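Residue numbers (my numbering): 2 to 226.
Worksheet: one structure, shown below.
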Ligand code: PRP
Ligand code: URA
């Protein structure tokens, strides 16, 4: 049970929690990001490098995942060590988020995977949802929402809303390229969700594309244009 002072500190931290924005600036990530940004990069290289960037980001994103102390026996003696205290659930936003799943699950092979299907209406830029299937352990897990692009933030915000309604409360948004507009929207609508990006770009253009960005991530990943 919490003492008065501890409860006050806990309540204060809950009510004043602000979105943490972390840009994962690393030479390997920058190099691979340059490859997927290039307009001449084809589907194969786009897919491989996107996957590798997600893999490199996973280490940093999971840095603060809760652990529990366990006592185990090695071949030589007793060892007090730490294991993950929470399961990790990956939720890619279809379609483009699928391109980040393998890279992260290579590092966390026990992670369950849920799916949320959303597409942006070309004219209004509003997200339209068409699918959602989440694993039952989502409510008590650390949830990583995956989408390469955070543009207006409409899709990510709608996906996070669905995940919260399902009952999850530890949610991190993992994108590759973000626009200031998208970051601001998540900060406003989901201040409790931390955002991880490989790069924060300049702005959105009049069609809602990130500038300089990398174009349409779903089309480039699946070769649909
Ligand atoms: C892209 C991208 C995000 C969304 C970002 O998906 O993968 O989900 O746009 O834009 P927003 O921040 O303005 O909502 P898209 O709608 O093109 O669907 P797709 O992945 O199926 O191509
Ligand atoms: N969705 C994309 O795939 N690319 C953008 O630049 C914006 C939204």
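Cβ coordinates follow ideal geometry from the N, Cα and C atoms, glycine included.
Please read these numbers as outputs of a predicted model, since none were measured by experiment.
- A distance criterion of 8 Å places the beta-carbon of residue 126 in contact range of the ligand PRP, judged by its closest non-hydrogen atom.
- Assignment of residue 131 by DSSP, reduced to helix, strand and coil, places it in the strand class.
- Restricted to the stretch 28-89, the alpha helix (DSSP H) segments that are unbroken, complete and at least 4 residues in length are 28-38, 44-62, listed in chain order.
- Excluding five sequence positions before and after residue 108, the CB atoms of its chain that fall closer than 6 Å to its own CB belong to 59, given in chain order.
- When only Cα atoms are considered, residue 201 and residue 80 end up about 43 Å apart.
- Of the other Cβ atoms in all chains shown, 16 or more fall within 10 Å of the Cβ of residue 197; this residue is therefore buried.
- Distance from the CA atom of residue 129 to the CA atom of residue 122, rounded to whole angstroms, is 7 Å.
- Burial of residue 156 is indicated by the presence of at least 16 other C-beta atoms within 10 angstroms of its C-beta.
- Pairing residue 37 with residue 54 gives a Cβ-Cβ distance under 9 Å.
- Runs of beta strand (DSSP E) with 3 or more residues, each lying fully within the stretch 180-210, are found at 195-198, listed in chain order.
- Burial state of residue 48 is buried, judged by a 10 Å Cβ sphere holding 16 or more other Cβ atoms.
- In the displayed model, residue 161 falls within a helix according to three-state DSSP.
- C-alpha of residue 87 to C-alpha of residue 20: approximately 21 Å in a straight line.
- In the DSSP assignment, residue 113 forms a beta bridge with 90.
- Shortest gap from the CB of residue 215 to any heavy atom of the ligand URA: under 8 Å.
- Residue 118 sits away from residue 56, with the two beta carbons spaced by 9 Å or more.
- Taking one beta carbon from each stretch, the stretch 134-147 and the stretch 214-222 have fewer than 3 pairs nearer than 8 Å; the two do not touch.
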